[in-house]
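Number of protein chains: 2
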Amino acid sequence: MAAFTSKDVARLAGVSQSTVSYVMTGKRQISESTRRRVLAAMEQLTYEPHAGARALAGRRTQVVGLVVPFDSMSEMTGLLPFIETIASSARANDYEVLLVTADEGSAGLRRLAGRALCDAIIMMDIREQDERVHVAAALPIPVVLVGMPDDPAGLYCVDLDFDAAARIAVDELVDTGHDEAFVIGYPAAVTDRRLNFAGRFLRSVHRYAEVRGLPLTVLEPVEVGRAGAAAAVDHILAHRRPGRTGVVVPYNASIRPFLHALRARAVVPGRDLSLIGISTDHQAEDSEPPYTNISEEPRDVSRRAMKTLLWLLDPGPGVGHPPVDLVAPRLTRRGTVMPAPASAVRSS
Amino acid sequence: MAAFTSKDVARLAGVSQSTVSYVMTGKRQISESTRRRVLAAMEQLTYEPHAGARALAGRRTQVVGLVVPFDSMSEMTGLLPFIETIASSARANDYEVLLVTADEGSAGLRRLAGRALCDAIIMMDIREQDERVHVAAALPIPVVLVGMPDDPAGLYCVDLDFDAAARIAVDELVDTGHDEAFVIGYPAAVTDRRLNFAGRFLRSVHRYAEVRGLPLTVLEPVEVGRAGAAAAVDHILAHRRPGRTGVVVPYNASIRPFLHALRARAVVPGRDLSLIGISTDHQAEDSEPPYTNISEEPRDVSRRAMKTLLWLLDPGPGVGHPPVDLVAPRLTRRGTVMPAPASAVRSS
DNA sequence: GTGAAAGCGCTAACAG
DNA sequence: CTGTTAGCGCTTTCAC
Chain A
806 MAAFTSKDVA RLAGVSQSTV SYVMTGKRQI SESTRRRVLA AMEQLTYEPH
856 AGARALAGRR TQVVGLVVPF DSMSEMTGLL PFIETIASSA RANDYEVLLV
906 TADEGSAGLR RLAGRALCDA IIMMDIREQD ERVHVAAALP IPVVLVGMPD
956 DPAGLYCVDL DFDAAARIAV DELVDTGHDE AFVIGYPAAV TDRRLNFAGR
1006 FLRSVHRYAE VRGLPLTVLE PVEVGRAGAA AAVDHILAHR RPGRTGVVVP
1056 YNASIRPFLH ALRARAVVPG RDLSLIGIST DHQAEDSEPP YTNISEEPRD
1106 VSRRAMKTLL WLLDPGPGVG HPPVDLVAPR LTRRGTVMPA PASAVRSS
Chain B
806 MAAFTSKDVA RLAGVSQSTV SYVMTGKRQI SESTRRRVLA AMEQLTYEPH
856 AGARALAGRR TQVVGLVVPF DSMSEMTGLL PFIETIASSA RANDYEVLLV
906 TADEGSAGLR RLAGRALCDA IIMMDIREQD ERVHVAAALP IPVVLVGMPD
956 DPAGLYCVDL DFDAAARIAV DELVDTGHDE AFVIGYPAAV TDRRLNFAGR
1006 FLRSVHRYAE VRGLPLTVLE PVEVGRAGAA AAVDHILAHR RPGRTGVVVP
1056 YNASIRPFLH ALRARAVVPG RDLSLIGIST DHQAEDSEPP YTNISEEPRD
1106 VSRRAMKTLL WLLDPGPGVG HPPVDLVAPR LTRRGTVMPA PASAVRSS
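Chains as they are written, first to last, in the numbering used here: chain A, 806 to 1153; chain B, 806 to 1153.
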């Protein structure tokens, strides 16, 4: 395997180099006979086109840049399904994936575009006010955001619909006759960095609670882990008013420690209070106990982000694409919400 | 920002294009004054060299390919620290990271090398007999394995020292006076694919148990999750002989469910039996309860893999590199191993 | 339908 | 110490 070039293929097939190129790209009609000879030659030489040369001449890299957060939290936060889905999705469309860590900030973006390392970028870990968003908007290549900054600067955004998640949570608690709700807020690592989803969820949950007349308390910040969860549980137990108490845990890494803290106090979710978590279904099902959850949909979000990106790279003839694409979460009941007492059922 | 070239930089600095190139690569002595002018020009134009052109002319991409497993398990198995560490490590050495999923098999490897997408490859998810290893060995670029196949085919391997892990586990149980040990084996997803680490651990644990006269039973396969863990615990409780029982859980995703199964049966690790897990310290510490563990060291393994790879790309003057580089795990006691009764202490 | 030839933007001899 | 020049392996006008 000594690195053949398209020239070698051309010679072996008895055609010109350009014909080889056109066979590969399909940008020209090629007679069936020559196409066959060319393909046979490529096969025989196990030819692979040189990506750099291709990028240089064709100004297309067939690479998408993926900007991911790699802080200490990401492991718990379920970053992997995003990466995985984007990788598969890219491969299915003949793209490679170049990984860049978010801590590079704007410099990483500039490098990706400036060096022509990729044709487009998917960026995660978006903050409410994110300087990178404006840098991204000025790049000569398309950028898709996973998340919604305050000002998208004209960029396409894909994410879970956290507003809908908040509405679903409030509705579920109200419809099952709860008298009060607590929200386990985000850890300082999230609020300090003003990650976009935290604000989106909290604003919405306040609004819907008010609309439906549900007294609501947000505990914040609540650190992920034993201590933070213990403090939160103790606070709730000490301060809750008489009646049915609901707890919403929107940050998935906080759910497990919260469940542990409840168990340690012999408080049973679904009996002594209600619990709704926002997490993947997989995590909710796998937990001990399984809990009623509003689904994060990392795979769906990633797929749509990839779809948007492909469309941006090659806008089809059809109508456009929505600039903001929010994936609707689903509620799955797993018994950690106390059912409505027969007397207290209200309609949603 | 209209995509400047090194020619533009050269003109602006009043030098030739090659001088610009030499300023960047440092492969030639450049007078301080011209170097300054060139750097100023690059700065002024926010110049970034075209990666494709560079790869084409310089036959160096400054990219490392990373082949990762993206099966259903990988999320639980702690893949992220590997990816993260390799990404940072690569960046620190001016390399980009191209992500390829293991399910592409040999084709992915051939593509990476054939298309000159990268200068070297790090491959994870190695099976005992892995066709990809032989393909990799024949590639014109270096490949580092994270894991140890039966036949490394001359490739450099970096991984945790599972033999040492087995020894440490057996020693700890024997030294604390245990009369018997069980090993919670790997799930079918691992054994079916003959992933290399499973065999390495199991062979060693058998050997050391025999050496130290510890009766040992390996339960296998044990599926990850509630059902598998429950079955394993029930089996152990039903079949264990009188005396002190130790349990070793080498597959980290199995540990949590195992702990749950114990708790559900009111069996307390550290009191009613002993438990040693193999997992990251972080996971062991964060678990409920924290458990005595033998450390997986994904970051250290990744760092060393990267180091080996860089050395392969540019063998320094010093002596060579060991072809197999095993990271020593550490035991951290967290109270899930019953301490030795005063009368039964034996020396290690 | 197919070829010939001119670059894409960089690196690395070869010259001085 | 610096400039000139010939490619690297593709894509893509032109031309037929």
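Don't be surprised by glycine CBs; every beta carbon is placed ideally from N, CA and C.
In its chain, beyond the 5 residues on either side, Phe1002, Arg1005 and Phe1006 have a beta carbon closer than 6 Å to the beta carbon of Phe967/A. The DSSP-derived three-state label of Glu933/B is coil. For Ala907/B, the nearest beta carbon of chain A is not closer than 8 Å to its own beta carbon.
Short of 8 Å from the beta carbon of Arg932/A, and not among the five residues preceding or following it, lie these beta carbons of its own chain, in chain order: Pro954, Arg998, Arg999, Leu1000 and Asn1001. Contact of Leu861/A with chain B by beta-carbon distance below 8 Å involves His855, Gly857, Ala858 and Leu861. Those residues of the segment 879-902 of chain B placed with their C-beta closer than 8 Å to a C-beta in chain A are Ser879, Glu880, Gly883, Leu884, Leu885, Pro886, Ile888, Glu889, Ala892, Ser893, Arg896, Glu901 and Val902, ordered along the chain.
Excluding five sequence positions before and after Thr1113/B, the CB atoms of its chain that fall closer than 7 Å to its own CB belong to Val949, Tyr961, Val963, His1126 and Asp1130, given in chain order.
In the structure shown, Ala1071/A falls within a coil segment according to DSSP collapsed to helix, strand and coil. In the structure shown, the three-state DSSP call for Gly1048/A is coil.
The DSSP assignment places 967-980, 993-997 and 1001-1016 as complete runs of the alpha helix (DSSP H) inside the segment 966-1034 of chain B, in order along the chain (cut-off: 4 residues). Ala921/B reaches chain A at His855, Ala856 and Gly857, counting residues in chain order whose Cβ is nearer than 7 Å.
By the Cβ test, the segment 872-890 of chain A is in contact with the segment 881-890 of chain B, since at least three Cβ pairs between them sit closer than 8 Å. Taking a C-beta distance under 8 Å as the contact criterion, Phe1063/B and Ala1034/B qualify as a contact pair. Comparing C-alpha distances from Ser811/A to each of Gln849/A, Ser836/A and Gln834/A shows the shortest one belongs to Gln849/A. Checking the DSSP bridge columns, you'll see Met928/A partnered with Val872/A and Leu950/A. A straight-line Cα-Cα distance of about 11 Å links His855/A and Cys923/B. One alpha carbon belongs to Ala970/A, the other to Tyr1056/A, and they sit about 12 Å apart.
For Glu889/B, the secondary structure class from DSSP, reduced to helix, strand or coil, is helix. For Val905/B, DSSP records a beta bridge to Val872/B. From the beta-carbon of Leu1067/B, no residue of chain A is found nearer than 7 Å; the closest lies around 12 Å away. If you ignore the 5 residues before and after Leu978/A, its C-beta comes within less than 6 Å of the C-beta of Ala986 and Gly1051, all in its own chain and listed in chain order.
When Cβ-Cβ separations below 8 Å define contact, Gly1030/B makes contact with chain A. Selection Val873/A, Gly1030/A, Tyr1013/A and Glu889/A evaluated against Tyr991/A yields Gly1030/A as nearest (Cα-Cα). Chain B places no beta carbon closer than 8 Å to that of Leu1114/A, leaving this residue out of the contacts.
Across the structure, Ala943/B and Leu917/B are spaced so that their CA atoms are roughly 13 Å apart. The residue among Arg1017/B, Pro1026/B, Val1142/B and Val988/B with its C-alpha nearest the C-alpha of Gly1075/B is Val1142/B. Collapsing the DSSP output to three states places Asp1039/A in a helix.
Taking C-beta atoms under 8 Å as the contact rule, Val905/A and Val872/A qualify, at a distance of about 5 Å. Neighbours of Thr1137/B across chain A, judged by C-beta separation under 7 Å, do not exist; the nearest C-beta is about 17 Å away. In the DSSP annotation of this structure, the continuous segment of the alpha helix (DSSP H) that includes Ser826/A starts and ends at Gln822 to Thr830. Gly952/A and Glu936/A have their alpha carbons spaced roughly 14 Å apart. Taking 8 Å as the cut-off, the Cβ atoms of Ala974/B and Ile1060/B do not count as close. The beta carbon of Leu904/A falls within 8 Å of a beta carbon belonging to chain B, placing the residue at that interface.
Counting along the chain, the unbroken beta strand (DSSP E) around Asp1130/B starts and ends at Val1129 to Val1132. Secondary-structure assignment with DSSP links Tyr961/A through a beta bridge to Val949/A. One thing to note: Ala907/B has its Cβ no nearer than 8 Å to the Cβ of Pro957/B.
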